[in-house]
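Please read the structure below before turning to the comments.
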DNA sequence: TTAATTAGTGATCGGCCGATAAACAACGGT
DNA sequence: ACCGTTGTTTATCGGCCGATCACTAATTAA
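Residue numbers (the working numbering), protein chains in the order written: chain P, 13 to 241; chain H, 13 to 241.
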């Protein structure tokens, strides 16, 4: 193989991108790259994938860590949709329908090899942004779901969710989440219909919530165990 | 700081370990080390933690990769207990009790920072051993659970589980599993009583399985969707 | 057309990595 | 007390890493 000046003026004129666009392009490709290689991936390999030389990265980002931070920022912020809370809270529709629609939407943005890998890597690193995200899920999504469940089974939806309810919502949520992990990370065969998986999970959750928390709580553990965390 | 001949005969006589014991000791410490640092962790840092010099590792293991393989081997095999299948299949006891006891035991060996981190790292690497483990869980645990659930709700427990049932068991199992991830990886606050979490999850799962698969399946999607995967 | 500015490259630095070889220290049988 | 064996260290190799700098090429403003 000889030298490779290829792609030098490969396509007609190849508009020069504005600095901001170029930066964003780098971040986007870097996200793909790091999601595959992990954040241990080298800047030279990344630059090769971008079709540029390695030092050029340092014109756009002060350090590799800064680039990585931007990757996190875009990946975590991208899927957030403020409409979700309203969707979950809309009591003019059956709760079952709301939950199904919410998880259809939620998994549409989070179930990708890219997103899940970045998420797991950042979780293993113990990054603040991961903690922030977990907190958002708990406060904006799961707490809301519990309020709606309480209302559904005729309990007061006033107080904050207690720890046991929250845990049950987490187990439900995580079960769905892990479908994505099995499919896109483990590349293990899963039920081909994501919609059916969600539908069954929602039905099971609602049935379970009712059995565990509905009505006669007499048989359950003493209230001391249900401290709010 | 001067040279550090410390720990040279530090404790009385310091029995010299047999080669096999020494090897195992190295693997054990290496497991801890890699679970914290990830497998990108350096051999020098590992050796420092072992209190020896780096080249010594290469007397016991031909390469870093071989050491890592042994780490995987011990971590994955350690928790496997052949008694679990029997426990799950023992129909002289209520299914609810069997499931609770099984998950109490299962989470006792898998819920540790060490195990979970190694598991997630190997999953992200797409290692064969991870696929093998997922297959074991599916075939030895979840399939068994479904047979017992079917028997419980009066269905034939003969045929293999269909894809929808299997998925539901996965969602249940993953929900419990992720409690460990949240606690030990994300270090997020969780319901302090693991037993209650399991108990509620089991109750919800059983209620859900009955509602979704019990009796009148008329309302469910056409059978075509329930192909065995 | 020319000068100034910006985009991109080649060469290179120090540092850490996995791995090897040779020297040295400790033990065990006789 | 000796010597062979085994355990351990010191010194070092080539290679890849993140980062820097001086330089060239392309673009824009005049």
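Even for Gly, the Cβ is constructed at its ideal location relative to N, Cα and C. Since the model is a prediction, treat every value here as computed from it, not as a measurement.
C-beta atoms of residue i and residue j nearer than 8 Å
i	j	result
residue 136 of chain H	residue 129 of chain P	yes
residue 183 of chain P	residue 187 of chain H	yes
residue 132 of chain H	residue 210 of chain H	no
residue 64 of chain H	residue 91 of chain H	no
residue 114 of chain P	residue 100 of chain P	yes
residue 76 of chain H	residue 55 of chain H	yes
residue 206 of chain P	residue 119 of chain P	yes
residue 248 of chain P	residue 216 of chain H	In the structure as shown, chain P starts at 13 and stops at 241, and residue 248 of chain P therefore has no counterpart that could be examined.
residue 84 of chain H	residue 139 of chain H	yes
residue 87 of chain H	residue 127 of chain H	yes
residue 80 of chain H	residue 46 of chain H	yes
residue 112 of chain P	residue 214 of chain P	yes
residue 52 of chain P	residue 53 of chain H	no
residue 72 of chain P	residue 125 of chain P	no
residue 6 of chain P	residue 202 of chain H	Any property of residue 6 of chain P remains undetermined from this structure, which presents chain P solely from 13 to 241.
Where residue i sits in the DSSP three-state scheme
i	result
residue 218 of chain H	helix
residue 198 of chain H	coil
residue 36 of chain H	helix
residue 86 of chain P	helix
residue 61 of chain P	helix
residue 204 of chain P	coil
residue 143 of chain H	helix
residue 165 of chain H	coil
residue 29 of chain P	coil
residue 92 of chain P	coil
residue 159 of chain P	helix
residue 170 of chain P	coil
residue 224 of chain H	helix
residue 108 of chain H	helix
residue 74 of chain H	coil
residue 114 of chain H	helix
residue 187 of chain P	helix
residue 150 of chain P	helix
residue 56 of chain P	helix
residue 102 of chain P	coil
residue 134 of chain P	helix
residue 249 of chain P	The structure shown does not extend to residue 249 of chain P, since chain P spans only 13 to 241, so no value can be given for it.
residue 124 of chain P	coil
residue 236 of chain H	Because the pLDDT at residue 236 of chain H is just 42, under 50, the model does not fix this residue reliably, and the point stays unresolved.
Heavy atom of the ligand NAD within 7 Å of residue i beta-carbon
i	result
residue 161 of chain P	Within the structure as shown, the ligand NAD is missing, as the structure has no ligands at all.
- [ ] Check whether the region 55 to 68 of chain P touches the region 144 to 151 of chain P, counting contact only when three or more Cβ pairs, one atom from each stretch, lie closer than 8 Å.
- [x] no
Task: Proximal residues, the region 138 to 166 of chain H versus chain P, C-beta separation under 9 Å - done: 138, 142, 143, 146, 147, 150
Task: Three-pair Cβ contact test at 8 Å for the region 100 to 120 of chain H versus the region 166 to 180 of chain H - done: no
Open item on the list: Give me the subset of the region 166 to 178 of chain H whose CB atoms are less than 8 Å from a CB atom of chain P, sorted by chain position.
Closed with: 175, 176, 178
Open item on the list: Can you confirm whether the region 149 to 157 of chain P touches the region 150 to 169 of chain H when touching is taken to mean that 3 or more C-beta pairs between the two stretches lie within less than 8 Å?
Closed with: no
Task: Near-chain H residues of the region 189 to 200 of chain P (beta-carbon distance less than 8 Å), N- to C-terminal order - done: 189, 190, 191, 193, 194, 197, 198, 199, 200
- [ ] Could you list the residues in the region 91 to 106 of chain P with a C-beta less than 8 Å from some C-beta on chain H, going in chain order?
- [x] none
Task: Short-range partners of chain H found in the region 116 to 127 of chain P, where Cβ spacing is below 8 Å - done: none
- [ ] Select from the region 33 to 64 of chain H all residues with a C-beta closer than 8 Å to any C-beta belonging to chain P, and list them in chain order.
- [x] 50, 52
Task: Selection of the region 216 to 227 of chain P by Cβ proximity to chain H, strictly under 9 Å - done: 216, 217, 218, 219, 220, 221, 222, 223, 224, 225
Open item on the list: Please identify, using Cβ separations under 8 Å, the residues of the region 199 to 214 of chain H that lie next to chain P, in order along the chain.
Closed with: 199, 200, 201, 202, 203, 204, 205, 208, 209, 212, 213
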